[in-house]
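Chains as they are written, first to last, in the working numbering: chain A, 138 to 711; chain B, 218 to 502; chain C, 13 to 213. We treat Cβ as the ideally placed atom computed from N, Cα and C, and that holds for glycine. Owing to the predicted nature of the structure, the values given are computational and were not obtained by experimental measurement. Below you'll find the structure, written out as structure tokens, and then a few comments.
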Amino acid sequence: MSHDEHGHHELSFKEKYIFSVDHKVIGLQYLITSFLFLMVGFGLMMLMRWQLAFPGTPIPLIGNMFPAELAPNGVMSGEFYNSLGAMHGTIMVFLGVVPLAVGAYGNYVMPLQIGAPDMAFPRMNMMSYWLYLPGGIMMLSSFIMPGGAAQSGWTSYPPLSIINPGQTVWLLSMVVLITSSLLGAINFLVTTINLRAPGMSLWRMPIFVWAQFVTAVLLLLAFPPLEAASVLQLMDRVFHTSFYMPKDLVVLGKAYAGSGGGQPLLWQHLFWFLAHPEVYVLVLPPMGIVAEIIANNTRKPLHGYKTMVFSMIAIGVMSFMVWAHHMFISGMSASLGNFFLVTTMIISVPSVALMTCLVFSLKGGSIRYNVPMLFALAFIPLFAIGGLTGLPLGMTVTDIFLHDTYYVIAHFHFVVVSGSIIALMGGTYYWFPKWYGRKMNDKLGLIHFWGSVASMVGIFAPMLFMGLAGASRRLYDPTAHLHNLPVQGWNVVSTCAAYSLFLFQLPFIYNFFNSMWNGEKTVENPWQATTLEWACPSPPPHGNFAKTPTVYRGPYEYSVPGRETDFWMQNDPS
Amino acid sequence: MGKYGWSLPVAASSYAGSIDFGISILHVAMLGIFALWGAFFIYLLVKFRAKPGVKAVREDHDETPAHISVPDAFSKLPFVQLLYRNRGELKSLIPDAIILTFEVALIVFYAIPVWSRIKANMPDVKDPVRLEIVGEQFGWNIHYAGPDGKLGPRKAELVHFSNPLGLDRANPDSADDVVMGNEMRLPVDKTALIELLSKDVVHSFFVPEFRIKQDAVPGMKIPMWVTPNKTGKYEMTCAQLCGFAHSLMRGDVYVLTQEEFDAWYQSRLATIPASAQPTNPAEDF
Amino acid sequence: MSQTYNPTEFMGNADTHSGVTNAKLGVWLFLASEVMLFATLFTSYIVLRMAAVSWPWGWDVLNVPLATLNTVILITSSVTIVMAYAKAYDKDKAGFQMWMAATLLLSFAFLVVKGFEYGHEFALGIAPSTSVFYAVYFTMTGLHGLHILGGIAVNAGLLYMSTVDEHWQHPLFLGRVEGAGLYWHFVDIVWIFLFPALYLL
Numbered sequence: 138m139s140h141d142e143h144g145h146h147e148l149s150f151k152e153k154y155i156f157s158v159d160h161k162v163i164g165l166q167y168l169i170t171s172f173l174f175l176m177v178g179f180g181l182m183m184l185m186r187w188q189l190a191f192p193g194t195p196i197p198l199i200g201n202m203f204p205a206e207l208a209p210n211g212v213m214s215g216e217f218y219n220s221l222g223a224m225h226g227t228i229m230v231f232l233g234v235v236p237l238a239v240g241a242y243g244n245y246v247m248p249l250q251i252g253a254p255d256m257a258f259p260r261m262n263m264m265s266y267w268l269y270l271p272g273g274i275m276m277l278s279s280f281i282m283p284g285g286a287a288q289s290g291w292t293s294y295p296p297l298s299i300i301n302p303g304q305t306v307w308l309l310s311m312v313v314l315i316t317s318s319l320l321g322a323i324n325f326l327v328t329t330i331n332l333r334a335p336g337m338s339l340w341r342m343p344i345f346v347w348a349q350f351v352t353a354v355l356l357l358l359a360f361p362p363l364e365a366a367s368v369l370q371l372m373d374r375v376f377h378t379s380f381y382m383p384k385d386l387v388v389l390g391k392a393y394a395g396s397g398g399g400q401p402l403l404w405q406h407l408f409w410f411l412a413h414p415e416v417y418v419l420v421l422p423p424m425g426i427v428a429e430i431i432a433n434n435t436r437k438p439l440h441g442y443k444t445m446v447f448s449m450i451a452i453g454v455m456s457f458m459v460w461a462h463h464m465f466i467s468g469m470s471a472s473l474g475n476f477f478l479v480t481t482m483i484i485s486v487p488s489v490a491l492m493t494c495l496v497f498s499l500k501g502g503s504i505r506y507n508v509p510m511l512f513a514l515a516f517i518p519l520f521a522i523g524g525l526t527g528l529p530l531g532m533t534v535t536d537i538f539l540h541d542t543y544y545v546i547a548h549f550h551f552v553v554v555s556g557s558i559i560a561l562m563g564g565t566y567y568w569f570p571k572w573y574g575r576k577m578n579d580k581l582g583l584i585h586f587w588g589s590v591a592s593m594v595g596i597f598a599p600m601l602f603m604g605l606a607g608a609s610r611r612l613y614d615p616t617a618h619l620h621n622l623p624v625q626g627w628n629v630v631s632t633c634a635a636y637s638l639f640l641f642q643l644p645f646i647y648n649f650f651n652s653m654w655n656g657e658k659t660v661e662n663p664w665q666a667t668t669l670e671w672a673c674p675s676p677p678p679h680g681n682f683a684k685t686p687t688v689y690r691g692p693y694e695y696s697v698p699g700r701e702t703d704f705w706m707q708n709d710p711s
Numbered sequence: 218m219g220k221y222g223w224s225l226p227v228a229a230s231s232y233a234g235s236i237d238f239g240i241s242i243l244h245v246a247m248l249g250i251f252a253l254w255g256a257f258f259i260y261l262l263v264k265f266r267a268k269p270g271v272k273a274v275r276e277d278h279d280e281t282p283a284h285i286s287v288p289d290a291f292s293k294l295p296f297v298q299l300l301y302r303n304r305g306e307l308k309s310l311i312p313d314a315i316i317l318t319f320e321v322a323l324i325v326f327y328a329i330p331v332w333s334r335i336k337a338n339m340p341d342v343k344d345p346v347r348l349e350i351v352g353e354q355f356g357w358n359i360h361y362a363g364p365d366g367k368l369g370p371r372k373a374e375l376v377h378f379s380n381p382l383g384l385d386r387a388n389p390d391s392a393d394d395v396v397m398g399n400e401m402r403l404p405v406d407k408t409a410l411i412e413l414l415s416k417d418v419v420h421s422f423f424v425p426e427f428r429i430k431q432d433a434v435p436g437m438k439i440p441m442w443v444t445p446n447k448t449g450k451y452e453m454t455c456a457q458l459c460g461f462a463h464s465l466m467r468g469d470v471y472v473l474t475q476e477e478f479d480a481w482y483q484s485r486l487a488t489i490p491a492s493a494q495p496t497n498p499a500e501d502f
Numbered sequence: 013m014s015q016t017y018n019p020t021e022f023m024g025n026a027d028t029h030s031g032v033t034n035a036k037l038g039v040w041l042f043l044a045s046e047v048m049l050f051a052t053l054f055t056s057y058i059v060l061r062m063a064a065v066s067w068p069w070g071w072d073v074l075n076v077p078l079a080t081l082n083t084v085i086l087i088t089s090s091v092t093i094v095m096a097y098a099k100a101y102d103k104d105k106a107g108f109q110m111w112m113a114a115t116l117l118l119s120f121a122f123l124v125v126k127g128f129e130y131g132h133e134f135a136l137g138i139a140p141s142t143s144v145f146y147a148v149y150f151t152m153t154g155l156h157g158l159h160i161l162g163g164i165a166v167n168a169g170l171l172y173m174s175t176v177d178e179h180w181q182h183p184l185f186l187g188r189v190e191g192a193g194l195y196w197h198f199v200d201i202v203w204i205f206l207f208p209a210l211y212l213l
């Protein structure tokens, strides 16, 4: 299983760095690209936050750089605000977090952790990336389309999304991105099933690998319905079919020309059938990262490894059965509401189990507080806030009031931003030594950590109060609603915290690039970890392991009594 | 603008209290869960921080058998033995069990019955106020059926800015109908039975003080109801993104005494032109 | 770049390998995603039809004889592709090429017949926007047709590859033929559901 069979011709620059089929290069391509898209999505949000805090005032510094249709006299228009909102959500979910969690971390680390020389289909891996990047650019290009970017929410509900501009490019981009994702999912599944090193039974796989595995199953099965639904929406827009358009629509005084007979709710069901599993795609790999970092820095095995595995599988299965808790108020039948209420309650069980295991893992440990560990620990209470705020949203009766308010926005941002993204940042500090053979600077890491956590809480905690006051989401001018006036001050707080969050990313960006060249050089296994990615050079060469490793034990054999060191690597034959 | 409120709006309908009860009890539980777990978490972080010379202590059920394939575990061991072998692991599920019991109780005794009362069934009252609310980009049309309890028919050809719902005034059912734009008045302590519609895109009818919210979906006629129980001025807004002026789609809601409401209604009826002939929409543009 | 390991050999024992080759496992997983894709369309069809005020009978408005012919064509092509695989298994290059060419011919015939159907409908001024029935009909048969095109590309590619010795002799070639066959059978099965669902109900 070494690369003897592979001819030793020198790869061209194009083959080595651009169209590489090496999972590590592709992983780094995904890393940089998704970071860039995250910054774009972040920038869109910063624009929105100005309008929310100071509605109707010109955007400072750059306001006059926008074309007059978007921001006359530097004041954002309603259409522009809506496109910023729709594109922020789309970019963060589909171009940012998932490619980072799955395409970057999954691609780079997972094959190493199972002792594989690469992915099962290296060329298909390359194709996945080279569909993602153009798909992402195509998605961004919707800003320069006539009429403007997509502005019907990332949820694209028809009939609005059929009559609004920008949506066709959004739909076509989604088709490209979904294809990229499907190819990746197939690759991850086959690699995990077939390419594990000898001795790496399923119960010896690191939790991160299990998380990526369940995530890949979700991506494989949940995305095609959205693809089909998007095709139907494309048909409605381009060929004027009526899959989602009912009869007798009158839009701004004019009758809409179409055969009618369609149903807006059909889109909602199909969209959420994907979008709910998608949120577990957003959360599971980061949770896997947190588990890895915690096991490493408590110097003891994870508590409840098997419980965690079964919980992840249970979440995966249940995630297909809860989607309409996003639709309690949609007009679907009330009894469906009861069904999804029950399934949503059931899915909270494995979620709580996962968090319990993470907390109990700390008990009895010898906890090291390095920068990755700080991020991993912060994940726990912050994700918990996100999860807990899901309770009143998942309950039909209370959702009547809270649906489509800022409470929802607070809920999902706590889970994805102060949950997933915090975990992914921790993963960066943790695995950076493996990618580049150098460590990131700790002082800058601490500044980044404390600043980010404080800012994130500052942005999203006020939104809980706003939601309880009944402040609706997606409002271009929040002060247009009288019942929002008592909570408008919180918008200013959130905006200041958002800008502060941006500032605290600057040390991180500097740290990342500077450390690539000037960081303190490290050894193969700087964290004294047990999993296989630390059993090869930093960075690993082409083919990863000089000799295929053999695995002798589970993934978290720390502090085994009677041994000299407090960690026992999986492939250590002694 | 410098307001930092953090509470629910005033409760002004008969079921607002039920909804608020759910929100309150859940938040008490959430805060309690967070505080307890948070305290335990901080305790662990302090107690088990790395100290020189002190090693981590593995849990005794960590001797994960080296080589169990999933099929083995289920075919060779009876289920009870399996649970017993993993009893250490299963301790992780105790917090789950407690929370689950609370959730099940809440669902069985609260969510299902209250949901049924508010959303699944229209209350059977004699003499309700009947309305039809039709959302469009970007306003709410409030169409009262009037004392006869019958909503006058609407025709697309009659739609005109003076007659946004295309109400056929020639029909006797329309004789006592009043149509308002972005203003709704209701008598206190009387149940209003409402049919919610939309002309163009998905909107959502939301009155925070009533705790009423329902998506208005084109092609569907969705029933909802409310019994306001506090006079005052409230607000109705659109709670589902419906276009560039979504944030401007709002109106005022007045809950009046029965006498005030009747007086107002009569005054509105008086403003309907004596001639029931609608103007020709094509001519006016 | 060729792969850095030899996938025709298993990498481990039953604990670390499924016993199915990477390619075959990959194709099955791909087909699982395709099942979800078409299931969504069928579900949408059911939902829209059940809610419809009126819906024409398929046999009244669509060309059942032509579609029946297409069904026979497609089923036959599934047989020919199995024959192609059998010949490849026996290392019979000429036999493989003949049967694969037959499969391709039948696939083109399917598309030609489909073209006739569509052409007739367009000539009558019928389009997807005409009614929800036609929206469903054109979208589902159209997407299925795109999958046929995809299959044609793959099969033609394999036919071409069999003329190049390096590919014909490659240890993975048989697996590729098998994978293509699996995909082709799937496309056939989708049609076997589509045909009655649209034309006969």
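| Query | Result |
| --- | --- |
| Using DSSP's beta-bridge definition, name the partner residues of C455(B). | F422(B) |
| What would DSSP say about S163(B), mapped onto helix, strand or coil? | No statement about residue 163(B) is possible, as the shown extent of chain B runs from 218 to 502 and does not include it. |
| Against chain A, does Y17(C) count as a neighbour if the rule is that its beta carbon must be under 8 Å from one of theirs? | Because the pLDDT at Y17(C) is just 46, under 50, the model does not fix this residue reliably, and the value given afterwards should be weighed accordingly. Cβ-Cβ to chain A under 8 Å: yes for Y17(C). |
| For V443(B), which residues does DSSP report across the bridge? | A409(B) |
| Please go through the same chain and pick out, in chain order, the residues whose beta-carbon is closer than 6 Å to the beta-carbon of Q665(A), but skip the five residues on each side of it. | F704 |
| Could you name the residues that DSSP lists as bridge partners for F378(B)? | Beta-bridge pairing links F378(B) to no other residue. |
| For F108(C), which residues from the same chain have a beta carbon less than 7 Å from its beta carbon, with the 5 sequence-adjacent residues on both sides left out? | A96, K99, A100, S174 |
| Nearest to S652(A) by CA position, among I431(A), F538(A), P271(A), F569(A), is which residue? | F569(A) |
| So, is the C-beta of R402(B) closer than 8 Å to a C-beta in chain A? | no |
| For a cutoff of 8 Å on Cβ pairs, would you count V368(A) as touching chain F? | The chain inventory of the structure shown lacks chain F, comprising the protein chains A, B and C. |
| Assuming T448(B) and V395(B) form a contact by the criterion Cβ under 8 Å, report the distance between their Cβ atoms to the nearest whole angstrom. | Contact flag wrong, Cβ pair sits at about 20 Å. |
| Starting from Q707(A), trace the beta strand (DSSP E) both ways and give me its first and last residue. | Note, Q707(A): premise wrong, no beta strand (DSSP E); not H, not E. |
| Should K151(A) go down as buried or exposed, given a rule of 16 or more other Cβ atoms within 10 Å for buried? | exposed |
| So, with DSSP's three-state summary, where would you put K438(B)? | coil |
| From T33(C) to G531(A), what does the alpha carbon distance come to, in whole angstroms? | 43 Å |
| For P438(A) and P710(A), what's the separation of their Cα atoms in angstroms? | 19 Å |
| Using a Cβ-Cβ cut-off of 7 Å (strictly less than) and excluding sequence neighbours within five positions of I335(B), which residues of its own chain qualify? | Y232 |
| Identify every run of the beta strand (DSSP E) within the stretch 520-588 of chain A, keeping only runs that are complete inside it and at least 3 residues long; order them along the chain. | none |
| Looking only at its chain, what residues have a beta carbon closer than 6 Å to the beta carbon of Y567(A), apart from the 5 residues adjacent to it on each side? | I430, P509 |
| Under three-state DSSP, which class holds K151(A)? | helix |
| For Q181(C), count the other beta carbons within 10 Å of its own beta carbon; 16 or more makes it buried, fewer makes it exposed. Which is it? | exposed |
| Where DSSP assigns a beta bridge to V395(B), which residues make up the other side? | Y361(B) |
| What is the rounded straight-line gap between the Cα of A228(B) and the Cα of T565(A)? | 48 Å |
| Quick one, are the C-beta atoms of F602(A) and W223(B) less than 8 Å apart? | yes |
| Can you find the residues in the same chain that come closer than 7 Å, C-beta to C-beta, to A112(A), ignoring five residues on each side of it along the sequence? | Residue 112(A) falls outside the range modelled here, since chain A spans only 138 to 711, and no answer is possible. |
| Ends of the alpha helix (DSSP H) at Q349(A)? | 344-375 |
| For H132(C), does the count of other Cβ atoms within 10 angstroms reach 16, so buried, or fall short, so exposed? | exposed |
| Quick check on Y471(B): does DSSP put it in helix, strand or coil? | strand |
| Using 8 Å as the limit for Cβ to Cβ distance, is I537(A) near chain B? | yes |
| Residues of chain A with a CB under 9 Å from the CB of T408(B): which are they? | Ordered by position in chain A, no residue passes the 9 Å Cβ test against T408(B), which lies about 17 Å from the chain. |
| Between which two residues does the alpha helix (DSSP H) harbouring K105(C) extend? | 105-135 |
| Name the DSSP beta bridge partners of T403(B), please? | According to the sequence as given, residue 403(B) is Leu; it is not Thr. Bridge partners of L403(B): V472(B). |
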